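First comes the structure, then the notes that go with it.
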Amino acid sequence: MGENTTPTSTRDLVWMPAWTRAQGEQRARSHLSQALGVDADGVWSAPGQLTIIGEHTDYNNGLTLPTITPHRTFVAAKLRDDDRVRMASDNAVFDDNGGQVWEGTLDSISAETAAGWPSYAAGVLWALQEHGLTGKGVDLGIVSCVPWSTGLSNSASVEAAVARAMNDLWKLSLDSEAGLSELAEACTDGENQIARMATGGLGQHAVLRCHDNEAILLDFRDSIPDATACPLYFPDYGLAMLVIDTMVRFHIPGGVSGMRKEECMRAAEELGLSSLRDLHHDPARLNRLVELSDETLRKRARHVYSENDRVMLVKEELSGTGPAHERFVSIGKALSRSHTSLAADFEVSCPELDLAVQAASMAGALGARMVGGGFGGPAVALIRRSLAERTAHAIAQAFRDHGYDDPHFLLV
Ligand code: GLA
631 MGENTTPTST RDLVWMPAWT RAQGEQRARS HLSQALGVDA DGVWSAPGQL
681 TIIGEHTDYN NGLTLPTITP HRTFVAAKLR DDDRVRMASD NAVFDDNGGQ
731 VWEGTLDSIS AETAAGWPSY AAGVLWALQE HGLTGKGVDL GIVSCVPWST
781 GLSNSASVEA AVARAMNDLW KLSLDSEAGL SELAEACTDG ENQIARMATG
831 GLGQHAVLRC HDNEAILLDF RDSIPDATAC PLYFPDYGLA MLVIDTMVRF
881 HIPGGVSGMR KEECMRAAEE LGLSSLRDLH HDPARLNRLV ELSDETLRKR
931 ARHVYSENDR VMLVKEELSG TGPAHERFVS IGKALSRSHT SLAADFEVSC
981 PELDLAVQAA SMAGALGARM VGGGFGGPAV ALIRRSLAER TAHAIAQAFR
1031 DHGYDDPHFL LV
């Protein structure tokens, strides 16, 4: 195990470094041969995802602006000549199904037979077959350095790496933009139906369709979201995104998005809209909120339309030509407003996330917000790269002062 591959502590800080491609591929190959006794035909990988802005908008037919992490999931795979499926994962948190090896057949995959950690990878095999795409059975060895935290789409990363492997092994030729969208839809269907987590598809489309050093504007208005790439040049200006993993883990059956989706649909229905996305362009939207039957629905709707506005603002600032410093300040403010909205209106934050955001801002971040579904997981702060250590220290100290466990950090 190389120095680069495990959490490292610098002056009491825990950093989560990304594996190099070579390290990840080697680990995946070794894991497949140790756990299942076979040599891989190849290794496929997919990154994690970090939403710059646009949280809880995907399942409201809205807008979101994600990028990808240097941290990736690697899947070593060997095609079989029967219809069996064997999967092994080295991730300790995957122990929830009583073991790290799962065995079944292609046609026996269901939410019941693949419950627990295998559901994410097996769900992809199930969904591809539902889409009429199939082939022989497969052995899979799965390893990942994407922190197991819903906010960074670890599950989408596993799904996408498996989808890429099956695309090649089953010769599906889904390599075009439309093909990758189809793979992303299969990953989303698998997570919804087999893992029974209500994902809106943000993570799946981001990890399959976003390239290094860019963000993509995903527009979920249509059933296959439109993606517009935009360059992400924070490093050229000495900036970085510091991810603060609060290490708070939670389990809500069906996920946070499932819980909030129901409220958002109710709000849209009361307003006579097909989704809350329709409020985005409505000049009378503030007045329309009073039509809603209760304050909770008003708050949910306000978050969705204001978050869609912030996504467009950040996208425009990234593509803009004005003075860079002013654009970064504006982006930072939008991130912080997003957090306020997620905490006050969407009510999916928690004290640790609020503290991470507050401590990052006090340490000089341009802006900060919680990331992902909420109630735990990570926050992200837009910072000067040279101040990463100092900012992380300030946040870690704030956590200690509050008696919270030490957060973990990574840079994107
Ligand atoms: C979860 C879901 C995503 C998205 C985010 C919130 O991670 O899986 O589809 O809804 O929450 O933005």
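Under the working numbering, the first residue of the sequence shown is numbered 631, with each subsequent residue one higher.
In this text, a Cβ means the ideal position worked out from N, Cα and C, and glycines have one as well.
Predicted, not measured: the structure shown is a model, and the values here were computed from it.
- Taking 9 Å as the cut-off, the beta carbon of R896 is found closer than this to the beta carbon of L927.
- In this structure, DSSP gives S806 a state outside helix and strand, which the three-state scheme calls coil.
- With contact defined as three or more Cβ pairs closer than 8 Å, the region 676–688 and the region 773–788 are in contact.
- Each residue's CA atom was taken as its position, placing R702 and V788 some 9 Å apart.
- Within the DSSP secondary-structure output, S905 pairs in no beta bridge.
- When C-beta atoms of the region 689–704 are compared with those of the region 902–919, three or more pairs fall below 8 Å, so the two segments count as touching.
- Collapsing the DSSP output to three states places Q730 in coil.
- Inside the region 925–985, DSSP marks whole alpha helix (DSSP H) runs of 4 or more residues at positions 925–949, 954–974, from first to last along the chain.
- Boundaries of the beta strand (DSSP E) around C860: 856–861.
- The region 660–671 and the region 699–715 touch, with no fewer than 3 CB-CB distances between them shorter than 8 Å.
- Counting along the chain, the unbroken beta strand (DSSP E) around F704 starts and ends at 693–709.
- W756 sits in a helix when the DSSP states are folded into three classes.
- Across the structure, G809 and D939 are spaced so that their CA atoms are roughly 30 Å apart.
- Between the ligand GLA and E789, a heavy atom-to-CB distance of less than 8 Å is absent.
- H969 has its CB no nearer than 8 Å to any heavy atom of the ligand GLA.
- Relative to the ligand GLA, the nearest heavy atom lies less than 8 Å away from the CB of L832.
- Measuring C-alpha to C-alpha distances from K945 to each of K766, Y863, A825, R839 identifies Y863 as the nearest.
- CA-CA distance, L996 to S966, rounds to 9 Å.
- Pairing A954 with Y867 gives a Cβ-Cβ distance under 9 Å.
- Counting along the chain, the unbroken beta strand (DSSP E) around T681 starts and ends at 672–683.
- Fewer than three pairs of CB atoms, one per stretch, sit closer than 8 Å, so the region 798–809 makes no contact with the region 1013–1025.
- Annotation: the continuous alpha helix (DSSP H) that includes S663 extends over 651–666.
- For N843 against P861, the beta-carbon gap comes to about 7 Å, under 8 Å, which counts as contact.
- A distance of 9 Å or more separates the beta carbons of G734 and R879.
- Straight-line measurement puts the Cα of R710 at about 16 Å from the Cα of V731.
- In the DSSP assignment, D1031 falls within the unbroken alpha helix (DSSP H) covering 1018–1031.
- In the three-state DSSP reduction, M827 falls in the coil class, being neither helix nor strand.
- Cβ contact annotation for I682 (same chain, cutoff 7 Å, sequence separation greater than five): L695, P696, T697, A845, V944, in chain order.
- Unbroken beta strand (DSSP E) stretches of 3 residues or longer found wholly inside the region 765–821: 768–774, given in chain order.
- Distances from the alpha-carbon of V754 to those of W649, M1000, D819 put D819 closest.
- In the DSSP annotation of this structure, M1000 is not part of any alpha helix (DSSP H); the continuous beta strand (DSSP E) holding it starts and ends at 997–1000.
- Secondary structure note for M895: it is in no beta strand (DSSP E), and the uninterrupted alpha helix (DSSP H) holding it is 885–900.
- By the neighbour-count definition (other C-beta atoms within 10 Å, threshold 16), H881 is an exposed residue.
- The alpha-carbon separation between V1001 and P748 amounts to approximately 25 Å.
- Under DSSP, F1039 takes part in a beta bridge, and its partners are W645, I874.
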